[in-house]
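All residue numbers for the sequence shown refer to this note's numbering, where the first residue is 1414 and numbers rise by one. Glycine included, each C-beta is placed from N, C-alpha and C at the ideal position. Worksheet: the structure to be examined is printed underneath.
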Amino acid sequence: MYPEQGPHLPAQRAIEVHQPTPYPPAVAVPAPLAPVQPGTVPAVASIVLPDGRVVTGYAINPAQPEPVAAKPPVSRTAVNVALGGAGFLAVCGGLMLLTSFIAALTAFITQLITLAAVIFGGWIAVQLFSAHGRPRGGVTFNIRRAVIKRNKF
């Protein structure tokens, strides 16, 4: 038994029919006519078909293809590569000057440190090795004779 035929459903169903409601036709508003110069009206052409019928209409000019842009003698890629190379050379020159400046500054600082070490070392040497007439603190040992005993077996 199909569910539609079960005892719980009425034997006959009511059928509802819906009729579409037509819309009233839209009223066409005529477009305003623009004044046309007499020289711009295209000529009317008539064509006789092989079966004898005559077709009349306006002549349509064939579509003209877009003019092809003339290629420049040098490609844009080549120009971009050349400009990039010129910029790279300019940057490299600046970097070379910068590295030269850094090297010169490093040498100058090294010379200053060396000069300070020499001057400070000389001052310390003068302080150590000069007596300036005052006695130095410390013990002096005078060794007159050294006696060395060796074990004899």
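Cβ of residue i within 8 Å of Cβ of residue j?
i: Ala1381; j: Gly1470; result: Since the first residue shown for the chain is 1414 and the last is 1566, residue 1381 is missing from the structure and cannot be characterised.
What residues are listed by DSSP as bridge partners for residue i?
i: Ala1530; result: Its beta-bridge partners do not exist; DSSP assigns none.
i: Val1481; result: Val1481 is not bridged to any residue.
i: Ala1458; result: Gly1470
With DSSP collapsed to three states, give me the class of residue i.
i: Ile1428; result: coil
i: Val1539; result: helix
i: Ser1488; result: coil
i: Phe1495; result: Checking the displayed sequence, the identity of residue 1495 turns out to be Ala instead of Phe. Three-state result, Ala1495: helix.
i: Ala1520; result: helix
i: Gly1506; result: helix
i: Gly1500; result: helix
i: Thr1434; result: coil
What separation, rounded to the nearest whole angstrom, lies between the Cα atoms of residue i and residue j?
i: Ile1537; j: Ile1526; result: 16 Å
i: Gly1534; j: Leu1528; result: 10 Å
i: Ala1499; j: Pro1480; result: 35 Å
i: Pro1438; j: Gln1432; result: 18 Å
i: Gly1506; j: Ser1488; result: 28 Å
i: Tyr1436; j: Ile1428; result: 25 Å
i: Lys1476; j: Val1494; result: Note on residue identity: the sequence assigns Ala, not Lys, to residue 1476. Using only the alpha carbons, I get a separation of about 39 Å.
i: Gln1540; j: Phe1521; result: 29 Å
i: Ser1513; j: Phe1501; result: 18 Å
i: Asp1464; j: Asn1474; result: 26 Å
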